[in-house]
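Below: the structure, in structure tokens.
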Amino acid sequence: MTKDDFIARGRRINFGALPYDLAHTVVICAFALAGWPISIYLPDSMVWAYVAFLFAGSIGYLWWSKRVDRSTGLLCHTCNRPMVRQAAKMAIDSNACPHCKKPAFAPEA
Ligand SMILES: [Zn+2]
Numbered sequence: 003m004t005k006d007d008f009i010a011r012g013r014r015i016n017f018g019a020l021p022y023d024l025a026h027t028v029v030i031c032a033f034a035l036a037g038w039p040i041s042i043y044l045p046d047s048m049v050w051a052y053v054a055f056l057f058a059g060s061i062g063y064l065w066w067s068k069r070v071d072r073s074t075g076l077l078c079h080t081c082n083r084p085m086v087r088q089a090a091k092m093a094i095d096s097n098a099c100p101h102c103k104k105p106a107f108a109p110e111a
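Numbered per our numbering, the sequence shown spans residues 3 to 111.
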């Protein structure tokens, strides 16, 4: 994808519709902190089940978030990793992928 194609595609995507990372992080942390007072009243087995739920939920969230980022099609020309949000701005400014530091866009035809 050339830089012009990347910018045009980025404009078509409503970045506000992408997962709102900060809100999701606050919700996950709220669940984690809620476990503290709850753990006083629950047996150890339930507390460990809760910890496992939090861990699996965090891993699942990361996996889902990466999938959504890839679905935008805004990928590095060299390493094929998604460049969205701040990474997209950095790539457009520098022409280099923030992940692999190599050229982010295909040469103009
Ligand atoms: Zn790259």
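The beta carbon of each residue, even a glycine, is placed where N, CA and C say it ideally should be.
Is the beta carbon of L56 less than 9 Å from the beta carbon of A34?
Their beta carbons are under 9 Å apart, which means L56 touches A34 by this criterion.
Are the beta-carbon atoms of A106 and C99 separated by less than 9 Å?
Cβ distance < 9 Å, so A106 and C99 count as in contact.
For E110 and T4, what's the separation of their Cα atoms in angstroms?
Looking at the two C-alpha atoms, the distance is approximately 6 Å.
Between L64, N97 and S67, which lies nearest to L80 when the distance is taken from Cα to Cα?
For the record, residue 80 in the displayed sequence is Thr; it is not Leu. Closest option to T80, Cα to Cα, is N97.
So, S67 versus H101, is the Cβ gap smaller than 9 Å?
No, the Cβ-Cβ distance between S67 and H101 is not below 9 Å.
Across which residues does DSSP place P84 in a beta bridge pair?
DSSP output for P84 lists L77 as bridge partner(s).
Using the C-alpha atoms, what's the distance from I61 back to M85?
About 20 Å.
What whole-angstrom Cβ distance do G59 and I30 have, given they're in contact under 8 Å?
Yes, G59 and I30 are in contact; Cβ-Cβ is about 7 Å, under 8 Å.
I want to check one thing, is the minimum distance from the CB of T74 to the heavy atoms of ligand 1 below 8 Å?
Result no, Cβ not under 8 Å from ligand 1.
Whole angstroms is fine: what's the gap from F8's alpha carbon to A51's?
Cα-Cα distance, rounded: 44 Å.
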